[in-house]
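Number 37 in numbering that gives the first Met the number 0 belongs to position 38 of the sequence shown; there are no gaps in the numbering.
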Amino acid sequence: MEEINELILNNEQRAAAVAKLFQLIEMDTEIIEQYRANGINDAHVRQYVDIRNENLQKLGQLLDARSGEPPKTQNSFDI
């Protein structure tokens, strides 16, 4: 029974982490789009892109861990 409770807790923690990463990725994307819409695409914007890419990679790892499969590729997006 204790193992079941641990699995439930792990799933809840993973779900919370996935939700938070989605939120962070969405916020970073909005910031990047705002800067670029104003003609700004400097090192500061690149930092947001890098952070978003790190969060996308973490999200992929969490989702792969959930399915029990090893990560297939590392994606990097430069939208």
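All residues carry an ideal CB built from backbone N, CA and C; glycine is no exception. Everything numeric in this text was worked out from a predicted model, so none of it was measured.
Q. Starting from residue 80 and walking both ways along the alpha helix (DSSP H), at which residues does that stretch end?
A. It is not possible to answer for residue 80, since the shown part of the chain is limited to 0 through 78.
My assumption, with CB atoms under 8 Å, is that residue 24 sits in contact with residue 54. Please give the rounded CB distance.
5 Å
**Asked** How do the region 10-23 and the region 43-61 stand: do at least 3 beta-carbon pairs fall below 8 Å, yes or no?
**Response** yes
Cβ pair residue 27, residue 3 closer than 8 Å: no
Report back the beta-carbon spacing between residue 40 and residue 47 to the nearest angstrom; my notes put them in contact at under 8 Å. Contact doesn't hold; Cβ gap of about 11 Å is too wide.
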